[in-house]
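**Q** Numbering (our numbering), first residue to last: -17 to 552.
All C-beta atoms in this analysis are idealised placements derived from N, C-alpha and C, irrespective of residue type, glycine included.
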Amino acid sequence: MKLIPEVKELIKGKKRKIDGCSFVFDGEIDKRIKNLCKKVPEGKTEVTISVTNGKPDAYTMEFSDGRIKITAEGQSGAFYAVQTLRQIIKNGYSDADEIKDSPDYETRGFYFDITRGRVPKLETLKKLVDWLSYCKINMLQLYVEHVFEFKEYDGIYQRTGYMTAEETKELDRYCYENFIELVPSLSCFGHLYELLQSDKYKHLCELDNYKPTSVAWNERMAHHTINPSDPESIEVIKSLIDQYSPLFTSKKFNICCDETFDLGNGKNKGKDKGRLYVDFVKKIIAHVKSKGKTPMMWGDIISNHSELISEFDDDVIFMSWRYDKDPDPTMVYKFRDAKRPHYVCSGVNNWSSLIEDICISNSNITKMAQYGKESGAIGFLNTCWGDHGHISPLYACMYGITFGAYRAWNVNCSDSNFDSAMDLLYYGSKGATKLVKKLSGAQSHYARYWYYALAIYSNEKFSSDTMYTCCDPDKFNKSFDECEEVIPYLMSQKWENDEARETLLNVAEGTECLLGILMSKSTGEKLGVNIKDVEEWLKKYTEIYLRESKMGELKEFVTVMYKLAEEYLK
């Protein structure tokens, strides 16, 4: 059977047709489980659900002719058993006499950037929650800097797009209904560019009188860090936390505190960077704990000052991240050795691109999951970042998002059935995943648009390694040919999830346009792409974008693409 995630133990037996069920609830069953059962097609197979006490996510399923007995060790386990049942019905049969299942990670999360250009609509987030729940994910975090109606960001969030308090509370409620914990995640130290460029708060920037040298998307990646030595700084951060925290039922709060690149390079120059960092973060942690929340934080900065980890409270959860194909486990092992609760965090590798890089993400997710298991990590968090405008649609990231759920539940499972399971359960078309992977390979490094866009938008120079990539016509032509191969298939097919097909077709056409622009820029060679092609693609891209997301900063990306096309396709 094709299941996501793959179950831990399946005892093979008689093949039984299962196309619908009726339910009998034995004992006290959470209404959320009963609501999920309503999504199961009605049929003759009788399913009995009972709940005992044990590992909350664990369950067994026993199959006999016309009957299925589900015994869960907790309410969440019963919920996940029904999700497995829904997938079995999608297969149309069961070939098991018994399934015994439980997750490797207690917490299995997904982290979604809604700050760097793309703010999803509430309906989009609910569809995402439906799928995450289907794949047994139990935590969701949304990365937020300025995309909420904070009073400090008044006049900013209206320009960039934002989620309202009511939308946030509704999403929190919807997550609860699906056994998912929505955890607030807020930049509280670094990555405060929009705040610290505002007239009201620029005096709190670590870099005195900083003048941006590039477009906002790039600056947000590199700057700004708040000045921890100014007493006003912690008061501003407390205010942000106070406004955001009450909207969530979660007892956790992710304060981020990552990539404080500017710390000690401006107003605090000459001071001990580790001391500056720890002292300020401890103030943030104390405030979060005063709200009854358990703090979480990214581990990149403190891992460089590992001798100071012991100064933090024992319940602070550290998140170790690495997103490359062969990730370095050093950060993970530092928190293991310090005997601190920690998550491992992988990535779908979609940033600065129209589609995820599956070759990188599959390896990254697999290895980070293994490192976490070896180190005793209590959680696995797969991330989808939006660096440089978040131009990738959600449908163009779903392979990696789902693969993260696959690994979080069953670290050592086989990959052999994953693609066919995605075809059946998500795309709804045999062979769809093969096209997605081919398209991912076509864009790969050669169509990561931002490196080239910067050259025209900010007059920045290509780095030597990027120029080397740009100047290989054979590789460009190969990527272009792969797009040419994928597009006719996507145009001619009809998928059960046809919005995904339509979006991926647009991604393929956009990748083709981008490759044509870059080839013209790098070598002067033409690939048959003209300005009209780019205009037609952007029109459709905009339509799809606005179906999924709010306006956000869409116009910025469209402007970049028009400038590239006008400059290099004359």
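Start and end of the alpha helix (DSSP H) containing V101?
**A** In the sequence shown, the residue the question calls residue 101 occupies position 119. Per DSSP, V101 belongs to no alpha helix (DSSP H) and is neither H nor E.
**Q** With H, G and I counted as helix, E and B as strand and the rest as coil, what does DSSP make of C341?
**A** For this step, residue 341 is matched to residue 359 along the sequence shown. DSSP places C341 in helix when its eight states are reduced to three.
**Q** Taking the straight line between their C-alpha atoms, what separation do you get for K109 and Y93?
**A** By 1-based counting over the sequence shown, the position of residue 109 is 127. By 1-based counting over the sequence shown, the position of residue 93 is 111. Straight-line Cα distance between these residues: approximately 15 Å.
**Q** For H185, count the other beta carbons within 10 Å of its own beta carbon; 16 or more makes it buried, fewer makes it exposed. Which is it?
**A** Taking the sequence shown and counting its residues from 1, one reaches residue 185 at position 203. Answer is exposed; the Cβ neighbour count stays below 16.
**Q** With distances taken from CA atoms, which of C170, W280, K537 and D405 is nearest K476?
**A** As a first step, residue 476 must be located in the sequence shown, where it is residue number 494. Looking at the Cα atoms, D405 is the closest of the given residues.
**Q** For C117, which of helix, strand or coil comes out of DSSP?
**A** For the purposes of this step, residue 117 is taken as the residue at position 135 of the sequence shown. It is coil, neither helix nor strand.
**Q** Using 8 Å for Cβ pairs, my map puts V165 next to S232. What's the rounded Cβ distance?
**A** As a working mapping, residue 165 is identified with position 183 in the sequence shown. As a working mapping, residue 232 is identified with position 250 in the sequence shown. Contact flag correct, Cβ pair sits at about 5 Å.
**Q** Using 8 Å as the cut-off, can you tell me whether the region 48 to 62 makes contact with the region 486 to 494, which would need three or more C-beta pairs spanning the two stretches below that distance?
**A** With a cut-off of 8 Å, the region 486 to 494 and the region 48 to 62 do not count as touching, because too few Cβ pairs lie within range.
**Q** Just grab the DSSP bridge partners of I208 for me.
**A** Looking up residue 208 in the sequence shown gives position 226. Partner(s): C187.
**Q** Check whether the region 144 to 159 touches the region 237 to 245, taking contact to mean three or more Cβ pairs, one atom from each stretch, closer than 8 Å.
**A** No, the region 144 to 159 is not in contact with the region 237 to 245.
**Q** What separation, rounded to the nearest whole angstrom, lies between the Cα atoms of K532 and A198?
**A** Here the question's residue 532 lines up with position 550 in the sequence shown. Here the question's residue 198 lines up with position 216 in the sequence shown. Rounded to whole angstroms, K532 to A198 spans 19 Å at the Cα level.
**Q** Need the endpoints of the beta strand (DSSP E) that Y41 sits in, please.
**A** Counting from one through the sequence shown, the residue named residue 41 turns up at place 59. Here the beta strand (DSSP E) through Y41 covers Y41 to S46.
**Q** Suppose the cutoff is 6 Å on Cβ atoms and the five residues either side in sequence are ignored; what does the same chain contact list for H287 look like?
**A** Position 305 of the sequence shown, counting from 1, holds the residue named residue 287. Correct list, in chain order: G256.
**Q** By the DSSP assignment, the beta strand (DSSP E) with C3 in it spans what residues?
**A** Working through the sequence shown from its first residue, we reach residue 3 at position 21. Run containing C3: C3 to D8, per the beta strand (DSSP E) assignment.
**Q** According to DSSP, is A320 part of a helix, a strand, or is it coil?
**A** Looking up residue 320 in the sequence shown gives position 338. Note: A320 maps to coil in three-state DSSP.
**Q** Considering just the uninterrupted stretch of the beta strand (DSSP E) at A78, what are its terminal residues?
**A** As a position in the sequence shown, residue 78 is number 96, starting the count at 1. Y75 to D83 is the span of the beta strand (DSSP E), which, as asked, contains A78.
**Q** So H372 packs on D95, CB below 8 Å; how close in whole Å?
**A** The count along the sequence shown starts at 1 and reaches residue 372 at position 390. The count along the sequence shown starts at 1 and reaches residue 95 at position 113. The pair is a contact, with the Cβ atoms about 6 Å apart (cut-off 8 Å).
**Q** Determine the direct distance from the alpha carbon of C366 to that of K220, and round the result to whole angstroms.
**A** Indexing the sequence shown from 1 puts residue 220 at position 238. Indexing the sequence shown from 1 puts residue 366 at position 384. Roughly 27 Å separates the two Cα atoms.
**Q** Write down the C-beta distance between F171 and T207 rounded to the nearest angstrom, noting that I regard them as a contact closer than 8 Å.
**A** To locate residue 171, count along the sequence shown from 1; it is residue 189. To locate residue 207, count along the sequence shown from 1; it is residue 225. With a Cβ gap of about 6 Å, F171 and T207 count as contacting.
**Q** Do L124 and M145 have their C-beta atoms within less than 9 Å of each other?
**A** Taking the first residue of the sequence shown as 1, we reach residue 124 at position 142. Taking the first residue of the sequence shown as 1, we reach residue 145 at position 163. Closer than 9 Å, so yes.
**Q** Taking the straight line between their C-alpha atoms, what separation do you get for S76 and E467?
**A** Locating residue 76 in the sequence shown gives position 94, where the first residue counts as 1. Locating residue 467 in the sequence shown gives position 485, where the first residue counts as 1. Their Cα atoms are separated by approximately 36 Å.
**Q** Give every residue of the same chain whose Cβ lies closer than 8 Å to the Cβ of K595, excluding the five residues on either side of it in the sequence, and list them in chain order.
**A** No statement about residue 595 is possible, as the shown extent of the chain runs from -17 to 552 and does not include it.
**Q** Take F539 and list the residues in its own chain whose beta-carbon comes closer than 6 Å to its own, dropping the five residues that flank it on each side.
**A** Counting from 1 along the sequence shown, the entry for residue 539 is found at position 557. Correct list, in chain order: G371 and I373.
**Q** Where does Q475 fall in DSSP's three states?
**A** One-based indexing of the sequence shown puts residue 475 at position 493. DSSP places Q475 in coil when its eight states are reduced to three.
**Q** Using the beta-carbon count (16 or more within 10 Å), is V6 buried or exposed?
**A** Taking the sequence shown and counting its residues from 1, the one referred to as residue 6 is at position 24. V6 is exposed by the Cβ-count criterion.
**Q** Would D47 and K(-16) be called neighbours here (beta carbons separated by less than 9 Å)?
**A** Here the question's residue 47 lines up with position 65 in the sequence shown. Here the question's residue -16 lines up with position 2 in the sequence shown. Contact flag unset, no.
**Q** Under 7 Å Cβ to Cβ from G410, same chain only, skipping five residues before and after it: list those, please.
**A** Taking the first residue of the sequence shown as 1, we reach residue 410 at position 428. Around G410: W477, E478 and N479.
**Q** How long is the line joining the alpha carbons of I563 and W303, rounded to whole angstroms?
**A** This structure cannot settle anything about residue 563, because the visible part of the chain is limited to -17 through 552.
**Q** Bridge partners of K273, per DSSP?
**A** Your numbering for residue 273 matches position 291 in the sequence shown. K273 is not bridged to any residue.
**Q** From N392 to S398, what distance separates their C-alpha atoms?
**A** The sequence position of residue 392 within the sequence shown is 410, counting from 1. The sequence position of residue 398 within the sequence shown is 416, counting from 1. Spanning the two alpha carbons is a distance of roughly 14 Å.
**Q** Given D112, which residues of its chain have a CB within under 6 Å of its CB, disregarding the five upstream and five downstream residues?
**A** Your numbering for residue 112 matches position 130 in the sequence shown. So the list is empty, once near-sequence residues are dropped.
**Q** Per DSSP, what kind of secondary structure is L124 in: helix, strand or coil?
**A** For the purposes of this step, residue 124 is taken as the residue at position 142 of the sequence shown. The answer is strand: DSSP assigns L124 an E or B state.
**Q** Do you know how far the Cα of K26 is from the Cα of G74?
**A** Indexing the sequence shown from 1 puts residue 74 at position 92. Indexing the sequence shown from 1 puts residue 26 at position 44. Their backbone Cα atoms lie some 13 Å apart in a straight line.
**Q** Can you give me the C-alpha to C-alpha distance between M313 and I291, rounded to a whole angstrom?
**A** Position 331 of the sequence shown, counted from the first residue, corresponds to residue 313. Position 309 of the sequence shown, counted from the first residue, corresponds to residue 291. Going by the C-alpha atoms only, they are around 12 Å apart.
**Q** Cα-Cα, which of I52, I81 and L67 is closest to L(-8)?
**A** Walking along the sequence shown from the start, residue -8 turns up at place 10. When each option's Cα is compared against that of L(-8), the closest is I81.
**Q** What does the alpha-carbon distance come out to for the pair E149 and Y377?
**A** The residue given as residue 149 occupies position 167 in the sequence shown. The residue given as residue 377 occupies position 395 in the sequence shown. For E149 and Y377, the distance between alpha carbons rounds to 22 Å.
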